[in-house]
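Just so we're aligned: the sequence shown equals residues -23 to -1, 1 to 395 in mature numbering (1 follows the signal peptide of the UniProt record, and there is no 0).
In this text, a Cβ means the ideal position worked out from N, Cα and C, and glycines have one as well.
Quantities reported herein were computed from a predicted structural model and do not represent experimental measurements.
Contents: one structure, followed by commentary.
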Amino acid sequence: MLMLKRFLILLLGSALLQNQAHAQGSLPAWKEGFWDIHFIETGAGNASFMVFPDGTTMLVDAGDLNKNLFDTKFFPLKSTPILPGRSKRPGQWISSYIKQVMPGNRKAGIDYALITHYHEDHYGQINRNSIEATNKAYQLSGLTDVDEELPISKLLDRGLDYPVDLRTYYSNNPTFSNYLKFIGHRIKNGLTHEALQAGSSKQICLLFNAKAFPGFVVRNIKSNNNVWSGEDEKTFQCFPDASMPKNDFNENPLSNAIKITYGKFSFYTGGDNTGYEGEAFPGRKNVEPAIAKAVGKITAMSLNHHGNRDANNDAFIKSLSPDVVVQQSWCSDQPGQDLAFRLVEKNTRDDSIAVFNTHMQQETQAYLGAWITKKFKSLHGHVVIRVTNQGNAYQIFVLDENKEKLEVVKTFGPYLTK
């Protein structure tokens, strides 16, 4: 009976996905009941967009790295070129992508946007040459570029007061100062701005038909040093306040993290949270043990810190034991070789991990070696995870990142959620 039930679920999932009329190579349209997770590759940092089962939408980060500055400062490291090209800014490419996958009955706009932390490759970079917004109140890059075309209703970040008053600490940072201008102006024009509250399952929720999907929950796992305890909405500190420098601190271990559950399927994303601390990486904190305890085993995850060697330590990967891993990369040293080796091993359920990289450079492939890279499912392209059947099944699409019009180049599944 159990085997028959699983077969019928898989058959239903296949029918739902295959019976949609779509041109060869195009992404089948979202429909109610689907949860789509899009990892958008612009070459300039993290950007992911979700359409929840009832049509609620959410953006997580919108990076726009200053590539010329990075490539000069950190030579011989090399950043990924702007994709699909320089005719638009990264934030505009994100908007272009989102417009193509937005539910058909929705007006232009995004319900939730979550900024994990205040680094350029996650929310944008402003300089004196940055374009002004139409309203002349602030400049455009990353998040503000997206909002220019797709107004955001609710913006969540890690707050403005930890470990110090960031309005003062970052007063000479043009990107953060611009972010404050953006918030101040947009609050007067319909934006809600809140700090992510660790432990909450009510801050991000289905807005249109929650009753139809009772198994869909967004749980805030971490913000700054506060981590969900696993009980109600209680939290604990993963490191004491006194241990965080008040000057020259690192943003990465302060990143927000969330877990989303849809029936059996669960997904983790956590910005640039780190899993190592020591002299080689000043300012890092090993916050991954606390996160792992709160998250537990999952189906899919976005790697912490782009898959760099200071994150996703062995204990973290074993604890989450994912079936699917997506690496949002933009630099030639991503992923770290030791992490890549761990990812192509089997998880704790003795299953191979399906690893997708949004853009692995040729230099990276050379130092990792073919014995590792050949085990990746994909080395470049936007990645879409589509969860169906109340979380019981899912399918993965890889899209061509070199074309503005979205085109599927690889399809995996559907799979039964374990």
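Asked                                                                                                                                                                                    : Found
Pull up the DSSP beta-bridge partners for ARG363, would you.                                                                                                                             : ASP13 and GLN372
Output the distance between the C-alpha atoms of ASP249 and VAL272, rounded to the nearest integer angstrom.                                                                             : 16 Å
Please report the straight-line C-alpha distance between THR93 and ILE268, rounded to a whole angstrom.                                                                                  : 15 Å
Which class does HIS336 belong to by DSSP, given the choice of helix, strand or coil?                                                                                                    : strand
Could you tell me which whole alpha helix (DSSP H) segments of length 4 or greater appear in the region 114 to 171?                                                                      : 120 to 126, 143 to 146 and 151 to 164
Rounded to the nearest angstrom, what separates ILE362 and ASP13 at their Cα positions?                                                                                                  : 6 Å
Tell me, please, whether the CB atom of PHE213 is closer than 8 Å to any CB atom in chain C?                                                                                             : Given the protein chain composition of this structure (a single chain), no chain C is represented.
Answer with buried or exposed for LYS262, where buried requires no fewer than 16 other C-beta atoms within 10 angstroms of its C-beta.                                                   : buried
Span of the alpha helix (DSSP H) holding ASN197?                                                                                                                                         : No alpha helix (DSSP H) holds ASN197; the beta strand (DSSP E) holding it covers 193 to 200.
Using three-state DSSP, classify GLU254 as helix, strand or coil.                                                                                                                        : coil
Quick check on SER329: does DSSP put it in helix, strand or coil?                                                                                                                        : strand
Measuring straight from C-alpha to C-alpha, what distance separates PHE29 and CYS308?                                                                                                    : 30 Å
Report the residue from ASP327, ARG326, GLY284 and SER306 whose alpha carbon sits nearest the alpha carbon of PHE318.                                                                    : GLY284
Between which two residues does the alpha helix (DSSP H) harbouring residue 446 extend?                                                                                                  : The structure shown does not extend to residue 446, since the chain spans only -23 to 395, so no value can be given for it.
Quick check on the burial criterion: 16 or more other C-beta atoms within 10 angstroms. Buried or exposed for LEU127?                                                                    : buried
Under the rule that 16 or more other beta-carbon atoms within 10 Å means buried, what is HIS(-2), buried or exposed?                                                                     : With a pLDDT of 39 at HIS(-2), under the threshold of 50, the modelled position of that residue is not reliable, and the figure given next carries that caveat. Exposed, because fewer than 16 other Cβ atoms sit within 10 Å of the Cβ of HIS(-2).
Please state whether DSSP places GLN342 in a helix, a strand or coil.                                                                                                                    : helix
By DSSP, does PHE26 sit in helix, in strand, or in coil?                                                                                                                                 : strand
Count the other CB atoms, across all protein chains shown, that sit within 10 Å of the CB of PRO217; report buried if there are 16 or more and exposed otherwise.                        : exposed
Since VAL321 is in the beta strand (DSSP E), which residue starts that stretch and which ends it?                                                                                        : Neither: VAL321 is in no beta strand (DSSP E) and is coded neither H nor E.
For GLY390, name the three-state secondary structure that DSSP assigns.                                                                                                                  : strand
How far does the alpha helix (DSSP H) with THR212 in it extend, from its first residue to its last?                                                                                      : Here THR212 belongs to no alpha helix (DSSP H); instead the beta strand (DSSP E) covers 212 to 214.
With contact counted as at least three CB pairs below 8 Å, one residue from each stretch, are the region 54 to 61 and the region 125 to 141 in contact?                                  : no
Would DSSP call THR246 helix, strand or coil?                                                                                                                                            : strand
Is GLN180 near LEU120, with beta carbons less than 8 Å apart?                                                                                                                            : no
With three or more C-beta pairs closer than 8 Å as the rule, is the region 239 to 255 touching the region 168 to 187?                                                                    : no
For the region 8 to 27 against the region 360 to 380, do three or more pairs of beta-carbon atoms, one drawn from each stretch, fall closer than 8 Å, so that the two count as touching? : yes
Rounded to a whole number of angstroms, what is the C-alpha to C-alpha distance between VAL194 and PHE333?                                                                               : 25 Å
Taking Cβ positions, are ALA234 and LYS274 nearer each other than 8 Å?                                                                                                                   : no
Exposed or buried, what is ILE164 when buried is set at 16 or more other beta-carbons lying within 10 Å of its beta-carbon?                                                              : exposed
Have a look at GLU340 and VAL375 and give me their C-alpha separation to the nearest angstrom.                                                                                           : 22 Å
SER56 bridges to which residues according to DSSP?                                                                                                                                       : CYS308
Measuring from the CB of ASP287, is there a heavy atom of the ligand HEM at a distance below 7 Å?                                                                                        : Of ligands this structure carries none, so the ligand HEM is not represented either.
Relative to the alpha-carbon of ALA331, which residue among LYS351, ALA347, SER306 and ASP300 has its alpha-carbon at the smallest distance?                                             : ASP300
Where does the unbroken beta strand (DSSP E) through VAL37 begin, and where does it stop?                                                                                                : 34 to 39
Report the option in ASN82, THR34 and SER232 whose CA atom is closest to the CA atom of HIS96.                                                                                           : SER232
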